[in-house]
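Chemist: Take a look at this one; I'll ask things after.
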Amino acid sequence: MLNGKTILITGGTGSFGKKFLEMIFANYSPKKVIIYSRDEFKQSVMKSEYQDKVDLSKVRFFIGDVRDRERLYRAFEGVDYVIHAAAMKQVPTCEYNPFEAIKTNIHGAQNVIDAALDKGVKKVVALSTDKAVNPINLYGGTKLVSDKLFIAANAYSGEKDTRFAIVRYGNVAGSRGSIIPIFKNLIEKGEKVLPITDFRMTRFWITLEQGVELVFKALEESKGGETYISKIPSFKITDLAKAMLENVELKEIGIREGEKLDEVMVTKDDSRKTYEYDKHYIVYPHFEWLDLEKTLLPGGKLVEEGFEYNSGTNKEWLSIEALKIELSKL
Numbered sequence: 231m232l233n234g235k236t237i238l239i240t241g242g243t244g245s246f247g248k249k250f251l252e253m254i255f256a257n258y259s260p261k262k263v264i265i266y267s268r269d270e271f272k273q274s275v276m277k278s279e280y281q282d283k284v285d286l287s288k289v290r291f292f293i294g295d296v297r298d299r300e301r302l303y304r305a306f307e308g309v310d311y312v313i314h315a316a317a318m319k320q321v322p323t324c325e326y327n328p329f330e331a332i333k334t335n336i337h338g339a340q341n342v343i344d345a346a347l348d349k350g351v352k353k354v355v356a357l358s359t360d361k362a363v364n365p366i367n368l369y370g371g372t373k374l375v376s377d378k379l380f381i382a383a384n385a386y387s388g389e390k391d392t393r394f395a396i397v398r399y400g401n402v403a404g405s406r407g408s409i410i411p412i413f414k415n416l417i418e419k420g421e422k423v424l425p426i427t428d429f430r431m432t433r434f435w436i437t438l439e440q441g442v443e444l445v446f447k448a449l450e451e452s453k454g455g456e457t458y459i460s461k462i463p464s465f466k467i468t469d470l471a472k473a474m475l476e477n478v479e480l481k482e483i484g485i486r487e488g489e490k491l492d493e494v495m496v497t498k499d500d501s502r503k504t505y506e507y508d509k510h511y512i513v514y515p516h517f518e519w520l521d522l523e524k525t526l527l528p529g530g531k532l533v534e535e536g537f538e539y540n541s542g543t544n545k546e547w548l549s550i551e552a553l554k555i556e557l558s559k560l
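Just remember that my numbering sits 230 ahead of the position in the sequence shown, which is counted from 1.
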């Protein structure tokens, strides 16, 4: 599917973009991969890191911001597929700089949609987050709007046949800003006490590889408007701390503003249009203009009404020993 194609990744110097670059060359033979981002230093570092890992003759590093509509139009020329990973993601930063978060996460999404439609991109897959589900902070609110924009964009493609889909997951294990590197840094400094905001807190466990694989699946089979969510195990944050440090002492410091006890990927209200597949769920859009029978992918089963995909009530869990094994793979 991606062989001989040109793929562009917005925010391509992030954790996802780096893993995507590795995996696309390991699994496909693309014509060209464009890393679109606004930080020249990160692009330089990334180019150096991948000098011997991928065929850099097929990689282009394109300086640009998703806020810049004209630059996106230039970058999307001749592009077949777009993965939209660019976003302001840090919850406190978005709370303190709301106008900036809106410019990147909402206006940037609009610009990506317009450029994709007008430049004849075949398919766009936008990365979402659990925080867009029943949002309680500005970051989640902007990503909810972004998700809605990408889903609704399918109504505007007309004869151009551009399709838009969403891939949703929470904090990726070991990624920047996640709890694992924070704990790791404290342990390396000799700390024996690790801070936990709330002892009841749970999260889903997903690796970068799993996130990229789900994007590959969405690129391959989506017909437009779907939201893909991986079926993955849950874990307790307290168990993660115990897996990372023997005889650790835990200190509850209080939940932070905008933080949730559990990650929710599918709400009860969305259950009426959520289908379960072997390794993932798909939430289908609910629009008068959409023919669900034509959009529905084979092999799925409608979940029971009232179903909620929640890390706190998930059926599959990682024990402390299982977490040690997973941590050793990072």
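Each residue gets a CB set at the ideal place from its N, CA and C atoms; glycine is no exception.
At 4 residues or longer, what runs of the alpha helix (DSSP H) sit wholly inside the segment 435 to 491?
Modeler: Qualifying alpha helix (DSSP H) stretches, in chain order: 438 to 451, 467 to 474.
Chemist: Enumerated in chain order, which unbroken segments of the beta strand (DSSP E) with a length of 3 residues or greater are wholly contained in the segment 488 to 556?
Modeler: 494 to 496, 504 to 506, 510 to 513
Chemist: Is the Cβ-Cβ distance between N570 and R398 less than 8 Å?
Modeler: Missing from the structure shown is residue 570; the chain here goes from 231 to 560 and no further.
Chemist: Output the residue ranges of the beta strand (DSSP E) runs that lie fully inside the segment 254 to 297 and measure 3 residues or longer, sorted by chain position.
Modeler: The DSSP assignment places 262 to 267, 289 to 293 as complete runs of the beta strand (DSSP E) inside the segment 254 to 297, in order along the chain (cut-off: 3 residues).
Chemist: Can you check whether the CB of V321 is closer than 8 Å to the CB of G542?
Modeler: Numbered from its first residue, the sequence shown carries residue 542 at position 312. Numbered from its first residue, the sequence shown carries residue 321 at position 91. Not closer than 8 Å, so no.
Chemist: Where do the ends of the alpha helix (DSSP H) carrying F329 lie?
Modeler: For this step, residue 329 is matched to residue 99 along the sequence shown. 328 to 332 is the extent of the alpha helix (DSSP H) around F329.
Chemist: Mapping DSSP to helix, strand and coil, what is T323?
Modeler: By one-based count along the sequence shown, residue 323 stands at place 93. In the structure shown, T323 sits in a helix (DSSP, three-state: H, G or I).
Chemist: Between which two residues does the beta strand (DSSP E) carrying R393 extend?
Modeler: Here residue 393 refers to the residue found at position 163 of the sequence shown. That run of the beta strand (DSSP E) goes 393 to 399.
Chemist: Give the single residue among D344, I396, I336, K353 whose Cα lies nearest to the Cα of Y369.
Modeler: For the purposes of this step, residue 369 is taken as the residue at position 139 of the sequence shown. Of D344, I396, I336, K353, the residue nearest in Cα terms is I336.
Chemist: Which residues in the same chain as T359 place their Cβ atom closer than 6 Å to its Cβ, once the five residues preceding and following it in sequence are excluded?
Modeler: The count along the sequence shown starts at 1 and reaches residue 359 at position 129. Result list for T359: K373, in chain order.
Chemist: May I ask which residues mark the beginning and end of the beta strand (DSSP E) holding Y369?
Modeler: For the purposes of this step, residue 369 is identified with residue 139 of the sequence shown, where counting begins at 1. No beta strand (DSSP E) contains Y369, which is instead part of the alpha helix (DSSP H) from 368 to 382.
Chemist: Within the same chain, show all residues whose beta-carbon is closer than 7 Å to that of P411, passing over the 5 residues directly before and after it, in chain order.
Modeler: As a first step, residue 411 must be located in the sequence shown, where it is residue number 181. Within the same chain, P411 has close Cβ partners G404.
Chemist: Answer yes or no: do G338 and R297 have a C-beta to C-beta separation smaller than 8 Å?
Modeler: As a first step, residue 338 must be located in the sequence shown, where it is residue number 108. As a first step, residue 297 must be located in the sequence shown, where it is residue number 67. Result yes, Cβ atoms of G338 and R297 sit closer than 8 Å.
Chemist: Nearest to T622 by alpha carbon, out of V284, N364, R299?
Modeler: No information on residue 622 is available, as it lies outside the stretch 231 to 560 that the chain covers here.
Chemist: Return the bridge partner residues of K352 from the DSSP annotation.
Modeler: Looking up residue 352 in the sequence shown gives position 122. Per DSSP, none; premise fails for K352.
Chemist: Could you pull the start and end residues of the beta strand (DSSP E) that L238 belongs to?
Modeler: If you number the sequence shown from 1, residue 238 lands on position 8. L238: member of the beta strand (DSSP E) spanning 236 to 240, first to last residue.
Chemist: Tell me where the beta strand (DSSP E) around L424 begins and ends.
Modeler: Counting from one through the sequence shown, the residue named residue 424 turns up at place 194. Residues 423 to 426.
Chemist: I'd like the list of long-range same chain contacts for G294, defined as Cβ closer than 6 Å, with 5 residues on each side in sequence excluded.
Modeler: Looking up residue 294 in the sequence shown gives position 64. Once the five neighbours on either side are set aside, the close Cβ partners of G294 are Y266, R301, A305.
Chemist: Helix, strand or coil for R299 per DSSP?
Modeler: For the purposes of this step, residue 299 is taken as the residue at position 69 of the sequence shown. Looking at R299 - three-state DSSP - the assignment turns out to be helix.
Chemist: Give me the Cα-Cα distance between F465 and E493, rounded to the nearest whole angstrom.
Modeler: In the sequence shown, counting from the first residue as 1, residue 465 sits at position 235. In the sequence shown, counting from the first residue as 1, residue 493 sits at position 263. Distance between the alpha carbons of F465 and E493 is about 11 Å.
Chemist: Run through the DSSP bridge pairs and tell me what I313 is partnered with.
Modeler: For the purposes of this step, residue 313 is taken as the residue at position 83 of the sequence shown. DSSP lists I239, V355 as partners of I313.
Chemist: Would you check if there are 3 or more beta carbon pairs closer than 8 Å linking the segment 281 to 294 to the segment 474 to 486?
Modeler: no
Chemist: When burial is assigned at 16 or more other CB atoms within 10 Å of the CB, is H314 buried or exposed?
Modeler: Position 84 of the sequence shown, counted from the first residue, corresponds to residue 314. Burial call: buried.
Chemist: Between which two residues does the alpha helix (DSSP H) carrying E418 extend?
Modeler: If you number the sequence shown from 1, residue 418 lands on position 188. Start and end: 409 to 418.
Chemist: Considering only C-alpha positions, which residue in the set K319, V263, Q440 is nearest to S408?
Modeler: The count along the sequence shown starts at 1 and reaches residue 408 at position 178. Closest by C-alpha distance to S408, out of K319, V263, Q440, is K319.
Chemist: Any contact of the segment 417 to 429 with the segment 447 to 463, i.e. 3+ C-beta pairs under 8 Å?
Modeler: no
Chemist: Which word fits D391, buried or exposed, when buried means at least 16 other C-beta atoms lie within 10 angstroms of its C-beta?
Modeler: The count along the sequence shown starts at 1 and reaches residue 391 at position 161. Exposed, since its Cβ has fewer than 16 Cβ neighbours within 10 Å.
Chemist: Among the candidates G242, G530, L238, Y258, whose CA atom is the shortest distance from the CA of F271?
Modeler: On the sequence shown, position 41 is the one that residue 271 refers to. When each option's Cα is compared against that of F271, the closest is G242.
Chemist: Here's the rule: buried if 16 or more other CB atoms are within 10 angstroms of the residue's CB, otherwise exposed. What is I264?
Modeler: As a first step, residue 264 must be located in the sequence shown, where it is residue number 34. Its Cβ being crowded by 16 or more others within 10 Å, I264 is buried.
Chemist: Can you tell me which residues form a DSSP beta bridge with G433?
Modeler: As a working mapping, residue 433 is identified with position 203 in the sequence shown. What sits at residue 433 in the sequence shown is Arg, not Gly. Looking at the DSSP assignment, R433 forms a beta bridge with F465.
Chemist: Give the secondary structure of N364 by DSSP, where H, G and I count as helix, E and B as strand, and everything else as coil.
Modeler: Looking up residue 364 in the sequence shown gives position 134. The answer is coil: DSSP assigns N364 none of H, G, I, E or B.
Chemist: Going by the beta-carbon positions, is the gap between K461 and K509 smaller than 8 Å?
Modeler: Taking the first residue of the sequence shown as 1, we reach residue 461 at position 231. Taking the first residue of the sequence shown as 1, we reach residue 509 at position 279. Contact flag set, yes.
Chemist: With C-beta atoms as the reference, is L522 less than 8 Å away from P463?
Modeler: Taking the sequence shown and counting its residues from 1, one reaches residue 522 at position 292. Taking the sequence shown and counting its residues from 1, one reaches residue 463 at position 233. In this structure, P463 does not lie closer than 8 Å to L522 by Cβ.
Chemist: Counting C-beta neighbours from all protein chains within 10 Å, is the total for S558 16 or more, i.e. buried, or is it exposed?
Modeler: Taking the first residue of the sequence shown as 1, we reach residue 558 at position 328. Looking at its Cβ environment, which holds fewer than 16 other Cβ atoms inside 10 Å, S558 is exposed.
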